[in-house]
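Here's the structure we're looking at; comments come further down.
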Amino acid sequence: MILMGAGTNHWFHSETIYRSFLALLQLTGCQGRNGGGWAHYVGQEKCRPATGWATLAGAGDWSRPPRQMIGSAYWFLNTDQWRYDTFGADVLASPLGEGRFKGMTAADCLAQSTRSGWMPSYPTFDRNPLDLGEGDDPVTAAVDQLRSGELKFACEDPDAPENWPRVLTLWRANLLGSSAKGAEYFTKHLLGTHSSLRAQEAPAGARPRDVTWHERAPEGKLDLLLSLDFRMTSSTLLSDITLPAATWYEKHDLSTTDMHPFVHAFTPAVDPPWQARTDFDAFRAIADRLSELAAGHLGTRRDLVATALQHDTPAETAQPGGVALDWRRGECEPVPGKTMPALTVVERDYTAIGAKFAALGPLVEKLGLPAKGIALHPDEEVESLRALNGVVREGPAAGRPRLDTAVKAANTILALSGTTNGRLATQGFRTLEARTGQEMAHLAAEHEGKRVSYADTQAAPVPVITSPEWSGSESGGRRYTAFTLNTEHLKPWHTLTGRQHFFLDHDWIHELGEALPVYRPPLDMHRLFGEPRLGPDGEREVTVRYLTPHNKWSIHSEYQDNLFMLSLSRGGQVIWMSPADAAAIGVQDNDWIEAVNRNGVVAARAVVSHRMPTGTVYMHHAQERTVNVPKAETTGRRGGIHNSLTRLLLKPTHLIGGYAQLSWAFNYLGPTGNQRDEVTVIRRRTEQEVTY
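Going letter by letter, the sequence shown gives residues 1 to 692 in full-length UniProt numbering.
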């Protein structure tokens with residue numbers, strides 16, 4: 001068994017590391033066995049009743065398809081980190097490659113991935129999709145304009161004002177104090193405020209081939225930053241508007257992960273205080289007000305929605321052989337859903353947004369619920385929800401089950417998911433039986449009559465049901481382990497061949513020499529960006545590898561400013577380093593130090609520990625700059641957070657799509673926000689009496 005957290009995924013060559021893990025497990029026959037396989041402990045990113053949650057979260061009950069984006073690429077473009085790539089994508093290529101990446105940067109690779117339909121990209125075009133949706137045949141018109149060059153993808157000119165993000169809502173996230181990799185790029189280019197960014201933009205010979213370069217980079221793309229939070233964070237401090245939110249002790253909600261076999265409830269101990277509202281109530285109020293304003297502005301419009309070639313759909317067979325053809329360069333024709341994104345016209349009544357938010361839409365019966373390549377049909381569940389939740393009496397949602405409270409929404413999520421509804425789980429397995437010829441329905445049949453309600457989860461944690469939405473089995477009380485359906489019940493793997501793969505034959509993977517799992521070392525930041533070489537340099541500074549593991553004194557950024565947690569640590573930001581590295585620059589435990597690289601500056605105390613290997617430092621993540629962060633000697637500005645020394649780097653092979661298992665799906669495949677290859681220079685502050 002191989003146990004891991006998210007750290008492996010944070011290296012630039014993360015997928016080659018993962019593939020080496022998988023190869024070892026395949027060679028030893030451990031995959032899909034209890035006590036074996038790989039256990040990837042990032043379960044907070046996956047919820048067990050996934051089908052019901054996805055339906056409500058993406059409004060798939062009212063209109064399809066939803067727009068779902070790859071976060072790493074979105075921020076890479078919109079915070080202008082791509083402008084600071086001073087190397088070409090071909091530096092990653094194998095000596096045996098065909099030169100596919102010659103003259104291309106990571107931004108060019110992303111642009112090709114987008115126009116080939118491999119990865120989603122929003123905003124998609126350089127014109128309003130509501131305007132593109134007008135006319136008799138918007139899809140054909142858009143294709144013709146793309147072919148002629150009259151219409152372009154927004155990712156090919158991210159610094160053009162018409163392509164900027166204008167309004168950003170942060171909810172259940174501390175983007176600017178926890179997760180924004182390349183924090184100083186965010187503050188400079190997205191927010192337009194002070195930053196400690198020290199990097200130089202790419203010189204003329206190293207700029208993108210297909211992405212438009214503006215001589216002056218934008219600073220301050222956003223018009224409005226809105227946050228919902230129950231405490232003051234780096235994000236709320238930088239927000240234009242902050243809406244007070246309820247804590248988990250003040251609202252009805254569900255809690256599940258793929259790491260444990262239960263569904264839990266949040267039940268309020270008290271009502272939200274003063275102006276605070278629950279997430280559900282806040283967004284319902286926003287939806288209602290939007291509907292009121294839409295009556296005089298938007299009304300009903302047709303929206304041209306572009307979507308990537310999706311995994312577990314026929315589109316994953318659209319580009320056979322892993323051949324990377326680019327219609328923009330005349331290598332093929334632009335065909336929606338084949339050689340470019342699929343294009344769908346969706347009619348949207350913006351005056352009905354509030355009414356639709358508070359009711360379950362009709363598409364759950366008409367189209368079913370997609371789940372790992374099969375469709376669940378919840379006709380009976382919709383009728384039971386009418387009886388349980390009540391029915392809307394008038395308006396655009398007349399006759400539909402109500403979703404006007406968080407409890408009703410929770411019951412709906414549970415009713416529409418096989419993991420909490422035995423009838424849907426059994427139905428899904430019977431569909432798989434017909435497709436595969438293998439018996440599987442018995443895995444859920446013991447719970448076919450089981451329906452988990454929100455009240456059940458309030459009484460006690462409720463065990464989930466084995467369902468085709470997931471690859472493991474908990475039938476008969478066994479503990480979940482991934483892929484037992486494949487190994488024990490011969491369900492084909494969701495791959496090109498239906499088997500596990502050592503060999504991957506996409507053109508871009510061949511170009512990097514990674515068709516088989518290979519070792520790729522960390523990126524050479526000295527060669528790529530001119531950072532100092534690792535180790536002491538004879539001056540009173542040392543260059544080290546810079547890692548940002550999960551914090552021991554907080555849960556992400558929550559509790560890091562709690563007095564008890566600060567007292568158990570050093571009262572503020574710290575960087576852990578080895579005795580050898582500390583001695584090389586004259587640092588003693590608890591001295592003030594500064595960490596500096598091209599991305600930014602951090603001022604923190606040193607924790608000198610024999611547990612740290614020489615040449616590597618830790619700055620535990622999500623240590624915000626809200627408590628005990630002095631001004632840095634290097635810049636004269638407030639020191640940064642852990643992500644002030646990091647930035648996003650995109651690997652071309654993470655952008656592949658449209659080819660069997662190498663196809664995009666939400667929270668399944670896409671570029672990682674890697675930052676573990678980073679290095680930084682550590683020096684002791686000359687003045688140990690700091691100022692704030």
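Using N, Cα and C, we set each Cβ at its ideal position, and we do this for glycine too. It should be emphasised that the depicted structure is a prediction, and the values quoted were computed from it without experimental measurement.
- Per the C-alpha coordinates, the member of Val574, Arg115, Ser578 and Ala39 positioned closest to Met340 is Arg115.
- For the 8 Å CB-CB criterion, Val601 and Ser195 do not form a contact.
- Separation of Asp591 and His10 (C-alpha to C-alpha, rounded to the nearest whole angstrom) is 29 Å.
- In the DSSP assignment, Arg478 is bridged to no other residue.
- The region 634-644 makes no contact with the region 35-54, as fewer than three CB pairs between them are under 8 Å.
- Ranking Gly337, Leu228 and Ala246 by CA distance to the CA of Leu238 puts Leu228 first.
- One thing to note: Thr548 has its Cβ no nearer than 8 Å to the Cβ of Met612.
- Secondary structure note for Leu443: its alpha helix (DSSP H) is the uninterrupted segment His442 to Ala445.
- CA-to-CA, the gap between Trp274 and Leu175 works out to about 26 Å.
- When only Cα atoms are considered, Phe429 and Leu343 end up about 31 Å apart.
- Straight through space, the alpha carbons of Leu22 and Pro203 are spaced by roughly 40 Å.
- For the pair Ser14 and Thr672, the CB atoms are nearer than the 8 Å cut-off.
- In the displayed model, Leu27 falls within a helix according to three-state DSSP.
- The C-beta separation of Arg33 from Thr495 comes to about 19 Å, leaving the pair out of contact by the 8 Å criterion.
- Sixteen is the threshold: when 16 or more other Cβ atoms of the shown chains lie within 10 Å of the Cβ of Tyr659, as they do, the residue is buried.
- Burial state of Tyr692 is exposed, judged by a 10 Å Cβ sphere holding fewer than 16 other Cβ atoms.
- Residues of the same chain with a CB within less than 6 Å of the CB of Ile2, apart from the 5 flanking positions on each side, are Phe21 and Trp38 in chain order.
- In the three-state reduction of the DSSP assignment, Leu77 falls in the helix class, which pools H, G and I.
- Just so you know, the alpha carbons of Ala595 and Lys631 end up roughly 13 Å apart.
- With fewer than 16 other Cβ atoms from the protein chains shown falling within 10 Å of its own Cβ, Ile555 counts as exposed.
- By a beta-carbon distance limit of 8 Å, Val382 contacts Val364. Their separation comes to about 6 Å.
- If you look at Asn389, you'll find it in the alpha helix (DSSP H) that goes Asp379 to Asn389.
- Closest in alpha carbon position to Ala371, among Leu648, Ala324, His311 and Gly399, is His311.
- In the three-state reduction of the DSSP assignment, Ile509 falls in the helix class.
- Exclusion of the five residues before and after His447 leaves Gly422 and Ile465 as the residues of its chain whose Cβ lies within less than 6 Å of its Cβ.
- Between the alpha carbons of Leu304 and Arg386 lies a gap of roughly 33 Å.
- Residue environment for Asp240: exposed (fewer than 16 other C-beta atoms within 10 angstroms of its C-beta).
- The shortest C-alpha to C-alpha distance from Ser467 to any of Asp456, Tyr454 and Lys450 is the one to Lys450.
- Contiguous alpha helix (DSSP H) elements confined to the region 74-142 occur at 106-115 and 129-132, taking only those with 4 or more residues.
- Around the CB of Arg348, 16 or more other CB atoms lie within 10 Å, so the residue is classed as buried.
- With respect to Leu222, Leu168 sits close: the two C-beta atoms are nearer than 8 Å.
- Beta-bridge pairing by DSSP links Tyr546 to Val617.
- For Gly330 and Leu110, the gap between their C-alpha atoms comes out near 18 Å.
- For Ser234, same chain residues with a beta-carbon under 6 Å away, outside a window of 5 residues either side, are Leu176, Gly177 and Glu624 in chain order.
- Pro401 is not a Cβ neighbour of Phe262, given a cutoff of 8 Å.
- Excluding residues up to 5 positions away in sequence, Ser578, Ala580 and Asp581 lie with their Cβ nearer than 8 Å to the Cβ of Thr614 in the same chain.
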